[in-house]
Amino acid sequence: MADRLRLGVNIDHVATLRNARGGALPDPVRAARIAEKAGADGITAHLREDRRHIRDADIDAIMAAITIPLNFEMAATDEMRRIALAHRPHAACIVPERREERTTEGGLEVAGDDTRLAAYIAPLTEAGIRVSLFIAADPVQIEAAARIGAPVIELHTGAYCDFHAEGDFAARDAELERLVDGAKRAADLGLEVHMGHGLTYDTVGPVAAMPEVAELNIGHFLIGEAVFVGLPHAIAKMREMMEAARG
Ligand code: PXP
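Here my numbering is used: the first residue of the sequence shown is 2, the next is one more, and so on.
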């Protein structure tokens, strides 16, 4: 069993709200500080190529404002690697990115791109950044991640959460099985296992209960819930549910 299940709070959507009006408010740096105080174990921020939410200057400001680790989500491009190497966050999570998508839709294709990705992540690892690969719970991708020397994978929980929201519980449970099997396979290969995407109070339990999982990264739901109950309350409740599921 991974020691303590960590919660990474993704603050991208505070920046989405800010950018909707231009200007500086609401401030994602303030959200990062509040999240830390409320019990987040890390802050996650995705600097997308189109800068639709987090911007370059946010990265420095967030890192200066928090004492917990920053998990920097990034596409596998030269520009993003230059930025990661300049800032040296604790972790970098490599995600696939398409401009037309609303959010990260699928997992990274590691198996078909292993030579390039191995060379891509090597300088990040050498700089002391803990690299994770955001992938589907597919044994082929999990094995490829281990082969290229990534220490961490993050398994995509989006399909599991979408099926739950649609009320297709048979499909949801099949996705959950894939995540359970994927987490076991990854742990057998010596990978640290994270999970995230689309998680809510309704879907977090079975994911948090998997003993191999070391970290969950949750954003959109927490920021949305914060509109009604405040960010500290939303984070504290998520933490409680994670811990209850862990037993
Ligand atoms: N993990 C990764 C790799 C992501 O790309 C995202 C979305 O930015 C998340 C977790 C968080 O997803 P959500 O905002 O749906 O909770």
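We treat Cβ as the ideally placed atom computed from N, Cα and C, and that holds for glycine. What you are looking at is a predicted structure, and each value in this text was computed from that prediction instead of being measured.
| Check | Outcome |
| --- | --- |
| Rounded straight-line distance, which links the Cα of VAL10 to that of GLU216 | 10 Å |
| Same chain only: Cβ atoms within 6 Å of ILE60, ignoring 5 sequence neighbours per side | HIS88 |
| Whole runs of the beta strand (DSSP E) within the stretch 157 to 212, excluding any shorter than 3 residues | 193 to 197 |
| Exposure of ALA245, with buried meaning 16 or more beta-carbon neighbours within 10 Å | exposed |
| Under 8 Å between C-beta atoms of ILE122 and ILE149 | yes |
| Minimum C-alpha distance to ALA188 - residue among ALA146, GLU37, LEU223 | ALA146 |
| Length of the line joining the Cα atoms of GLY199 and ASP13 | 13 Å |
| GLY107 in three-state terms, based on DSSP | coil |
| Within 8 Å, strictly: CB atoms of MET219 and GLY183 | At residue 219 the sequence reads Ile, which differs from the Met that was named. Not in contact: ILE219 and GLY183 (Cβ atoms no closer than 8 Å). |
| Closer than 7 Å: THR84 CB and nearest the ligand PXP heavy atom | In the sequence as presented, Thr is not what sits at residue 84; that position holds Ile. Answer for ILE84: no, Cβ out of range of the ligand PXP. |
| Length of the line joining the Cα atoms of GLU106 and GLY159 | 8 Å |
| Continuous beta strand (DSSP E) stretch holding ILE224: start and end | Note, ILE224: premise wrong, no beta strand (DSSP E); alpha helix (DSSP H) at 221 to 230. |
| Same chain, Cβ closer than 6 Å to HIS165, neighbours up to 5 away in sequence not counted | ARG173, THR204 |
| Simplified DSSP assignment, three categories, for ILE136 | strand |
| Beta bridge counterpart(s) of GLU155 as assigned by DSSP | PHE135, HIS195 |
| Alpha helix (DSSP H) segment containing ALA112, residue limits | No alpha helix (DSSP H) holds ALA112; DSSP gives it neither H nor E. |
| Cβ neighbours of ALA66 in the same chain (closer than 7 Å, five flanking residues each side left out) | VAL30, ALA33, ARG34 |
| Proximity test, THR104 beta-carbon vs the ligand PXP heavy atom, cut-off 7 Å | yes |
| Local Cβ density within 10 Å of PRO90, reported as buried at 16 or more and exposed below that | buried |
| 8 Å contact criterion, which HIS54 and ALA16 should meet: CB distance rounded | 4 Å |
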